[in-house]
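Take any residue in the sequence shown, count from 1 to its spot, add 451: that is its number in this note's numbering.
Beta carbons: idealized from backbone N, C-alpha and C, even for Gly.
Remember, predicted model here, so these are calculated numbers, not experimental data.
As structure tokens, the structure follows; a few thoughts come after it.
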Amino acid sequence: MASKHANNHDHRIHTSYERLVNLQSQVQSFSLLPHLVAQSRMSGRHGSPFRGRGLNFEELRHYQMGDDIRNLDWKVTMRTGKPHVRTYTEEKDRNFILCVDQRSGMYFSSVDTMKSVVATEIAALSAWRILKDNDRVGFIISRSNQIEYLKPQRSQNHLLHALKRLNDANHTLDIASEDSERANFSSTIRMLGNLALKNATILFISDWSGATEFDLDRLKYLQQHNDILSVVISDPLEAALPADILDSASLVFGDGKYQLSVTEKTKLNKANQGLKAHAHHRLEKLEQLMAMKRLPVIELSTDGQHIDAFKRAVGGFTS
452 MASKHANNHD
462 HRIHTSYERL
472 VNLQSQVQSF
482 SLLPHLVAQS
492 RMSGRHGSPF
502 RGRGLNFEEL
512 RHYQMGDDIR
522 NLDWKVTMRT
532 GKPHVRTYTE
542 EKDRNFILCV
552 DQRSGMYFSS
562 VDTMKSVVAT
572 EIAALSAWRI
582 LKDNDRVGFI
592 ISRSNQIEYL
602 KPQRSQNHLL
612 HALKRLNDAN
622 HTLDIASEDS
632 ERANFSSTIR
642 MLGNLALKNA
652 TILFISDWSG
662 ATEFDLDRLK
672 YLQQHNDILS
682 VVISDPLEAA
692 LPADILDSAS
702 LVFGDGKYQL
712 SVTEKTKLNK
722 ANQGLKAHAH
732 HRLEKLEQLM
742 AMKRLPVIEL
752 STDGQHIDAF
762 KRAVGGFTS
């Protein structure tokens with residue numbers, strides 16, 4: 452789909468800052484707070500699995516004039532013969548960290564929209580929703596040559612700056628992009644660990660390419676003190692090569708370093724088996740990780756319908 456001379460104004464190939472800003476208008480149609488919405492993959496439980504704002508029990512004390520009688524603890528009152536109330540304090544606001552993959556492998560699509568564009572738009576949409584909920588939002592942007600961290604803040608100016616950085620990262624991608632060793636998936640996980648996050652919500656938006664077993668183990672450790680929600684962006688061609696490609700003479704696939712020639716049906720079948728097994732294994736591991744807190748793995752495609760698909764996955768409605 453990509454060409455070095457492709458029209459950069461085509462929103463399917465590269466996003467635009469204006470487009471990321473305009474996604475603010477769609478935040479009313481979904482919520483990242485799943486317990487507020489019925490019929491959601493993230494609902495159906497008595498309480499939200501996410502840490503964050505709510506009421507924390509503080510103490511049990513004698514009733515005082517003016518106390519809300521709804522907070523009476525009837526068991527203790529009956530046992531002691533004196534009215535007791537339970538007092539609560541409101542939890543602090545949540546910190547969200549959006550980990551957005553803009554490595555070279557994300558510059559791909561065989562259908563409609565580049566994976567890199569899907570990631571930036573989902574990140575922008577989520578960030579606007581987070582800010583509307585009066586929470587702090589920060590970013591980790593994985594570029595092909597570096598990883599950029601923007602500290603969580605509750606500020607529209609900060610978010611606009613972050614969207615500019617995200618848009619810039621997206622526009623640096625082309626068919627000649629090549630990842631450096633310091634910007635691999637493991638480096639992002641390592642940066643998260645170094646931040647020593649507590650009670651944060653981490654939203655990973657990536658194709659999860661290059662994620663190792665060790666990376667997933669480190670995410671399990673992070674999940675002990677934080678909430679992790681994973682968004683997996685995939686393209687149909689990554690799961691199976693179409694049978695009609697054999698009609699093309701001397702068809703060769705390459706990633707800039709390695710090449711694969713597919714000229715026979717047996718080779719095609721073998722390649723598809725490998726692709727399917729790899730995709731299934733990656734998804735299975737992620738689902739096991741998310742199952743620790745009964746959170747879903749949200750799967751998005753490059754078919755151009757990612758905004759509506761994301762809203763549906765978190766319990767929203769489409770326009």
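message: Looking only at its chain, what residues have a beta carbon closer than 7 Å to the beta carbon of Thr-528, apart from the 5 residues adjacent to it on each side?
response: Pro-534 and His-535
query: If you compare alpha carbons, which of Arg-530, Glu-510, Thr-538 and Tyr-558 is closest to Arg-521?
result: Thr-538
field: CA-to-CA distance, Asn-645 to Trp-659, given in whole angstroms
entry: 20 Å
message: Buried or exposed for Asp-686, going by 16 or more other Cβ atoms inside 10 Å?
response: buried
query: Nearest-angstrom Cα distance between Glu-738 and Thr-753?
result: 21 Å
task: State the DSSP-derived secondary structure class of His-535, mapped to helix, strand or coil.
output: strand
task: With DSSP collapsed to three states, give me the class of Ile-653.
output: strand
message: On the DSSP bridge list, what partners appear for Leu-737?
response: For Leu-737, which the question treats as bridged, DSSP gives no partner whatsoever.
message: Does Phe-547 come out as helix, strand or coil in the three-state DSSP assignment?
response: strand
query: To which residues of the same chain is Val-562 closer than 6 Å at the C-beta, ignoring the five residues directly before and after it?
result: Thr-753 and Asp-754
field: Backbone secondary structure at Gln-674 - three-state DSSP
entry: helix
Three-way DSSP call (helix, strand, coil) for Gln-515 in this model: coil
query: Under 8 Å, do Ser-681 and Phe-655 count as touching if we go by C-beta distance?
result: yes
query: Between the Cα of Arg-605 and the Cα atoms of Gln-479, Leu-471, Ser-480 and Ile-548, which residue gives the shortest distance?
result: Ile-548
Distance CB(Arg-640)-CB(Ala-570) smaller than 8 Å: For the record, residue 640 in the displayed sequence is Ile; it is not Arg. Taking 8 Å as the Cβ cut-off, Ile-640 and Ala-570 do not qualify as a contacting pair.
task: Keeping to the same chain, check which residues put their C-beta closer than 7 Å to that of Lys-736; ignore five residues upstream and five downstream.
output: Leu-667
- request: Would you please state the rounded distance, in angstroms, between the beta carbons of Gln-553 and Ala-620? I believe it to be under 8 Å.
  value: 4 Å
- prompt: Is the CB-CB distance between His-676 and Asn-635 below 8 Å?
  reply: no
field: Residue interval of the beta strand (DSSP E) (run including Arg-587)
entry: 587-593
message: Less than 8 Å between C-beta atoms, sequence neighbours within five positions excluded: which residues of the same chain meet that for Leu-740?
response: Leu-667, Leu-670, Lys-671, Gln-674, Ile-679 and Ser-681
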